[in-house]
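Visitor:
Protein chains: 2
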Amino acid sequence: MTGCSVEHAMHLLGGRWRLLLVSYLIDGPKRFNELRRDMPGISQRMLTLDLRALEATGLIRRTVYPTTPVKVEYALTEDGMRLKKVVSVVQEFGLWLKQRDAA
Amino acid sequence: MTGCSVEHAMHLLGGRWRLLLVSYLIDGPKRFNELRRDMPGISQRMLTLDLRALEATGLIRRTVYPTTPVKVEYALTEDGMRLKKVVSVVQEFGLWLKQRDAA
Numbered sequence: 001m002t003g004c005s006v007e008h009a010m011h012l013l014g015g016r017w018r019l020l021l022v023s024y025l026i027d028g029p030k031r032f033n034e035l036r037r038d039m040p041g042i043s044q045r046m047l048t049l050d051l052r053a054l055e056a057t058g059l060i061r062r063t064v065y066p067t068t069p070v071k072v073e074y075a076l077t078e079d080g081m082r083l084k085k086v087v088s089v090v091q092e093f094g095l096w097l098k099q100r101d102a103a
Numbered sequence: 001m002t003g004c005s006v007e008h009a010m011h012l013l014g015g016r017w018r019l020l021l022v023s024y025l026i027d028g029p030k031r032f033n034e035l036r037r038d039m040p041g042i043s044q045r046m047l048t049l050d051l052r053a054l055e056a057t058g059l060i061r062r063t064v065y066p067t068t069p070v071k072v073e074y075a076l077t078e079d080g081m082r083l084k085k086v087v088s089v090v091q092e093f094g095l096w097l098k099q100r101d102a103a
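Going down the list, the protein sequences come from chains A and B. If you're matching positions, the first sequence starts at 1 in full-length UniProt numbering and goes up one per residue. If you're matching positions, the second sequence starts at 1 in full-length UniProt numbering and goes up one per residue.
1) So Ser5(A) and Val87(A) are supposed to be a Cβ contact under 8 Å. How far apart are they, rounded?
2) For Leu20(A), I'd like the list of residues in its chain whose CB is within less than 7 Å of its CB, leaving aside the five on either flank, ordered along the chain.
3) Under DSSP, the alpha helix (DSSP H) around Glu90(B) begins and ends at which residues?
4) Pull up the distance between the alpha-carbon of Met46(B) and that of Phe93(B), whole angstroms please.
5) Any beta carbon from chain A within less than 8 Å of Leu49(B)'s own beta carbon?
6) Using a Cβ-Cβ distance cut-off of 8 Å, determine whether Phe32(B) contacts chain A.
7) Along chain B, which residues have their Cβ under 7 Å away from the Cβ of Lys85(A)?
8) Determine whether the beta carbon atoms of Leu25(B) and Thr57(B) lie at a separation below 8 Å.
9) Going by CA-CA distance only, name the one from Ala103(B), Trp96(B), Arg61(B) and Leu54(B) that's closest to Ile15(B).
10) Tell me, to the nearest whole angstrom, how far the beta carbon of Ile60(B) is from that of Leu49(B); I am working on the premise that it is less than 8 Å.
11) Nearest-angstrom Cα distance between Trp96(B) and Pro69(B)?
12) Which chain A residues sit within Cβ distance under 9 Å of Gly28(B)?
13) Which bits of chain B does Arg82(A) rub up against, with CB to CB less than 8 Å?
14) Can you give me the start and stop residues for the alpha helix (DSSP H) that Leu20(B) sits inside?
15) What are the start and end residues of the beta strand (DSSP E) that includes Glu78(A)?
16) In chain A, which residues lie with their C-beta within 8 Å of the C-beta of Ala102(B)?
17) Could you give the residue range of the alpha helix (DSSP H) that holds Arg48(B)?
18) By Cβ distance below 6 Å, which residues in the same chain neighbour Thr63(A) in space, the five residues on each side in sequence not counted?
19) For Lys85(B) versus Arg31(B), is the C-beta spacing smaller than 8 Å?
20) Look at the alpha carbon of Ala75(A) and the alpha carbon of Gly28(A), and state the distance between them as a whole number of angstroms.
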């Protein structure tokens with residue numbers, strides 16, 4: 001059950017960009033192009049697919065505003081906000097790893 | 001810096017199996033075939049590559065015992081033990097996700 005839950009979570013979050021994407025939404029909703037600027041390494045196609053996967057799992061909400069031009073925003077849902085703790089612990093580990101390797 | 005640390009960590013841990021692999025070593029050292037039994041979905045080649053990557057980063061230690069036949073064990077290093085918290089938070093999220101989706 002233990003390993004199984006880790007596997008279940010990593011199946012969703014284990015892509016290179018997904019948790020990073022979530023981390024950029026923690027401070028509030030963002031538009032597609034803002035996310036692309038935050039993550040210059042990701043392709044447009046991959047960002048689209050990752051956003052869709054997280055939307056399909058109910059962790060991200062996509063809102064279309066009927067302005068001209070149409071404005072599309074992505075935000076974490078209440079369920080998605082549960083990832084805050086995961087992001088913060090992974091971030092802490094990444095920071096430690098960077099500092100260790102720089103020393 | 002924030003996103004950047006998440007990216008750094010996920011570059012190492014983001015594979016489908018790596019964190020799962022770490023989770024199976026938390027309770028103590030294991031042999032290659034024990035790990036294969038823990039993770040029936042992973043191929044022998046992928047397990048080898050993941051073990052090597054984690055060994056190269058100093059998170060896992062490979063010990064060869066000069067018995068006949070030779071016994072090879074994998075264990076988390078002290079640095080690798082830092083992942084305990086990551087595993088536990090990801091596991092908690094995975095468990096929540098499974099329960100939500102089963103409801």
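Positions of the beta carbon are idealized from the N, C-alpha and C atoms, including for glycine. Here the structure is a predicted model, which means the values were calculated and not measured.
Guide: On the basis of the data shown:
1) Indexing the first sequence from 1 puts residue 5(A) at position 5. Indexing the first sequence from 1 puts residue 87(A) at position 87. The C-beta separation of Ser5(A) from Val87(A) comes to about 18 Å, leaving the pair out of contact by the 8 Å criterion.
2) Taking the first sequence and counting its residues from 1, the one referred to as residue 20(A) is at position 20. Excluding the 5 residues flanking it on each side, Leu20(A) has same chain C-beta neighbours closer than 7 Å at Met39, in chain order.
3) Numbered from its first residue, the second sequence carries residue 90(B) at position 90. The sequence given here has Val at residue 90(B), not Glu. Lys84 to Ala102 is the span of the alpha helix (DSSP H), which, as asked, contains Val90(B).
4) Counting from one through the second sequence, the residue named residue 46(B) turns up at place 46. Counting from one through the second sequence, the residue named residue 93(B) turns up at place 93. Looking at the two C-alpha atoms, the distance is approximately 25 Å.
5) Along the second sequence, one-based indexing puts residue 49(B) at 49. With respect to chain A, the C-beta atom of Leu49(B) has no partner C-beta closer than 8 Å.
6) Along the second sequence, read from residue 1 onward, the residue named residue 32(B) stands at position 32. So, not an interface residue.
7) Counting from 1 along the first sequence, the entry for residue 85(A) is found at position 85. Neighbours of Lys85(A) on chain B, chain order: Val89.
8) To locate residue 25(B), count along the second sequence from 1; it is residue 25. To locate residue 57(B), count along the second sequence from 1; it is residue 57. It is not a contact, given that the beta carbons lie outside the stated cut-off.
9) Mapped onto the second sequence, residue 15(B) falls at position 15. Here residue 15(B) turns out to be Gly, not Ile, going by the sequence shown. The shortest Cα separation from Gly15(B) among Ala103(B), Trp96(B), Arg61(B) and Leu54(B) belongs to Leu54(B).
10) Looking up residue 60(B) in the second sequence gives position 60. Looking up residue 49(B) in the second sequence gives position 49. About 12 Å; that fails the 8 Å criterion.
11) What you label residue 96(B) is simply residue 96 of the second sequence in a count that begins at 1. What you label residue 69(B) is simply residue 69 of the second sequence in a count that begins at 1. Straight-line spacing of the CA atoms in Trp96(B) and Pro69(B) works out to 43 Å.
12) Position 28 of the second sequence, counting from 1, holds the residue named residue 28(B). Neighbours of Gly28(B) on chain A: none; closest Cβ ~14 Å, over 9 Å.
13) Locating residue 82(A) in the first sequence gives position 82, counting from the first residue. Chain B residues near Arg82(A): Phe93 and Trp96.
14) The residue you call residue 20(B) lines up with position 20 of the second sequence. From DSSP, the alpha helix (DSSP H) with Leu20(B) extends over Arg18 to Leu25.
15) For the purposes of this step, residue 78(A) is identified with residue 78 of the first sequence, where counting begins at 1. Per DSSP, Glu78(A) is not a residue of any beta strand (DSSP E), being assigned neither H nor E.
16) Along the second sequence, read from residue 1 onward, the residue named residue 102(B) stands at position 102. In chain A, no part has a C-beta under 8 Å from the C-beta of Ala102(B); the shortest such distance is about 11 Å.
17) For this step, residue 48(B) is matched to residue 48 along the second sequence. Contrary to the premise, residue 48(B) reads as Thr rather than Arg in this sequence. In the DSSP assignment, Thr48(B) falls within the unbroken alpha helix (DSSP H) covering Gln44 to Ala56.
18) Taking the first residue of the first sequence as 1, we reach residue 63(A) at position 63. Contacts found: Glu73.
19) In the second sequence, residue 85(B) corresponds to position 85, counting from 1. In the second sequence, residue 31(B) corresponds to position 31, counting from 1. Arg31(B) sits away from Lys85(B), with the two beta carbons spaced by 8 Å or more.
20) Along the first sequence, read from residue 1 onward, the residue named residue 75(A) stands at position 75. Along the first sequence, read from residue 1 onward, the residue named residue 28(A) stands at position 28. Taking the straight line from one Cα to the other gives about 6 Å.
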